[in-house]
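Reading through the structure tokens given below for one structure.
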Amino acid sequence: MTTLSPTRRLSRQRGCGVNRRALARPDGGVIAAFDGLRGALAWWVVLGHISHTIGLGEGRFGATLSALLRANLIAVDVFIILSGFVILRLLDLSRPALGAYLAQRAFRLFPLYLCVLALSVAALPMMQTALTMTPFETGRNALRLAQVESGVTNLGAHLLTHLPLLQGAVPHHLLPHTAYTLVGQAWSVSLEWQFYLLAPLCLIALRSGWRLGVLGAVLLGASALPGFESGFIGRAWPMFAVGMATYLWARDGGMWPGIGLALAAGAALVLVSPRVGAGVILWGGVCLSVMGAGGLGWIAKGLSARALRTQGARSYSIYLTHMLPLYAVMWGAAALGVEPSGQAVALWIGTVAGTAALSVLTYRGIERPGIAMGRWLTSGSASAAASSVPATGASGVVPRP
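The opening position of the sequence shown corresponds to residue 26 in our numbering, with each subsequent residue numbered one higher.
Below, the structure written as structure tokens:
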């Protein structure tokens, strides 16, 4: 990656009662509220998956709570927006060499992912049995069963797409359900990896108006390609763009010429998809709270609580491992002949407790050592300082107007 000359330090900027410096953090410091946000989002996904499993809201429980829990894709949307913000900040503040950047990103994702992939492949028969025996005949469980059966039937082909974490980039008409067969929740991890690979190109595009236009046109065309599902970068690039535009706005204000285009994409998302629009609005509220706008500071304060930040540090482990205890409890309860109401209680307690315990073990034993290994391998690079910026949360390579 071409390194540009260092740019001037961001001055303290205030306007309309907000402190953009608190959001941009040009000193490379941690944005505490974003750590807590990751923890809250990860558990929202977990609780939502339990809700979908037992049919919460499908004539069994109250509509308001169930609707909120089942809307856990909003949490994934906010994760995507946050990733756009964080990765551009990482690249802008740390100016890593391309090799160091990719190595650190790979060691951030792959060690835990490959372990979960191996466990999930071994557990495919158990998953298939659990989904066949479950008394909860929900649409989500029927879809999961079809996905697992596809994985069992075409295991070799699915492994070829899953091992490089590119299952989300394969059209479903070539390999049915490929983004969801072996590690269903990892479709968004595949999406994240695709973004990591493309982010350096985004930096190059940001240095030139015409390159930015070309990249935008290519991504727009990719979003219209048939046969791809949610794990394809072409489907999610507007959300990544909203996150990147948020960082550039926090750094430069309204001066950067591409901000209007990216924010327009965000506005279009609000209009086109209520779900994604809810994610954009939630993201905007958290950002405003970090900047102390409109009396929203209490949100950032709550998200900065130690308990949530601890969960945020483990959010990747929570997100990636939680379906293993969920399927184990589903299988065990069904095999023991537990009544449906008892199975529902067991799923709530067992999945939450199992995920909490498993995520601690995987974070300490796999995820954190993997991050350290990535830092060590790139320690000879002049840009190894990139590792000091939180992995999901990063002046110099994006020119100011």
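Glycine included, each C-beta is placed from N, C-alpha and C at the ideal position.
Note that the structure is a prediction, hence the values are computed from the model and not measured.
Would you kindly report the start and end of the unbroken alpha helix (DSSP H) that includes residue i?
| i | result |
| --- | --- |
| residue 346 | 340-346 |
| residue 189 | Neither: residue 189 is in no alpha helix (DSSP H) and is coded neither H nor E. |
| residue 259 | 258-277 |
| residue 362 | First-last for residue 362: undefined, no H or E at that position. |
| residue 318 | Note, residue 318: premise wrong, no alpha helix (DSSP H); not H, not E. |
| residue 217 | 212-231 |
| residue 402 | 393-402 |
| residue 47 | 46-49 |
Count the other CB atoms, across all protein chains shown, that sit within 10 Å of the CB of residue i; report buried if there are 16 or more and exposed otherwise.
| i | result |
| --- | --- |
| residue 198 | exposed |
| residue 374 | exposed |
| residue 52 | exposed |
| residue 276 | buried |
| residue 299 | exposed |
| residue 366 | exposed |
| residue 178 | exposed |
| residue 92 | exposed |
| residue 364 | exposed |
| residue 121 | buried |
| residue 152 | buried |
| residue 119 | buried |
| residue 189 | exposed |
| residue 58 | buried |
| residue 157 | exposed |
| residue 263 | buried |
| residue 392 | buried |
| residue 94 | buried |
| residue 458 | Here the chain has residues from 26 to 426 only, and residue 458 is not among them. |
| residue 274 | buried |
| residue 212 | buried |
| residue 69 | buried |
| residue 331 | exposed |
| residue 327 | exposed |
| residue 162 | exposed |
| residue 378 | exposed |
| residue 362 | exposed |
| residue 334 | buried |
| residue 389 | exposed |
| residue 67 | buried |
Please look up how many angstroms separate the CB atoms of residue i and residue j, rounded, as I've assumed it's under 8 Å.
| i | j | result |
| --- | --- | --- |
| residue 349 | residue 383 | 7 Å |
| residue 272 | residue 113 | 5 Å |
| residue 210 | residue 258 | So it is not a contact: roughly 18 Å between Cβ atoms. |
| residue 308 | residue 106 | 5 Å |
| residue 110 | residue 320 | The pair is not a contact, with the Cβ atoms about 23 Å apart (cut-off 8 Å). |
| residue 215 | residue 256 | 5 Å |
| residue 347 | residue 77 | Actually they are not in contact, since the Cβ atoms of residue 347 and residue 77 sit about 12 Å apart, beyond 8 Å. |
| residue 146 | residue 191 | Contact flag wrong, Cβ pair sits at about 17 Å. |
| residue 79 | residue 359 | Going by Cβ atoms, the distance from residue 79 to residue 359 rounds to 12 Å, so no, they are not a contact pair. |
| residue 23 | residue 345 | For the chain, the structure presents residues 26 to 426; residue 23 sits outside this window and is missing. |
| residue 317 | residue 47 | 7 Å |
| residue 108 | residue 254 | Their Cβ separation, rounded to whole angstroms, is 18 Å, which puts residue 108 and residue 254 out of contact at 8 Å. |
| residue 343 | residue 380 | 6 Å |
For the stretch 96-115 against the stretch 171-184, do three or more pairs of beta-carbon atoms, one drawn from each stretch, fall closer than 8 Å, so that the two count as touching? The stretch 96-115 vs the stretch 171-184: no contact.
Taking only runs of the alpha helix (DSSP H) that begin and end inside the stretch 142-182, which ones reach a length of at least 4 residues, in chain order? Positions of the alpha helix (DSSP H) runs, each at least 4 residues long and wholly inside the stretch 142-182, are given as 149-158 and 164-178 in order along the chain.
Can you give, in chain order, each stretch of the alpha helix (DSSP H) that sits fully within the stretch 65-126 and has at least 4 residues? Within the stretch 65-126, the complete alpha helix (DSSP H) runs of at least 4 residues fall at 88-95 and 98-119.
Take every Cβ of the stretch 331-339, pair it with every Cβ of the stretch 51-66, and state whether three or more of those distances are shorter than 8 Å. Because the criterion of three Cβ pairs below 8 Å is met, the stretch 331-339 and the stretch 51-66 touch.
Can you confirm whether the stretch 131-144 touches the stretch 390-400 when touching is taken to mean that 3 or more C-beta pairs between the two stretches lie within less than 8 Å? Touching, yes.
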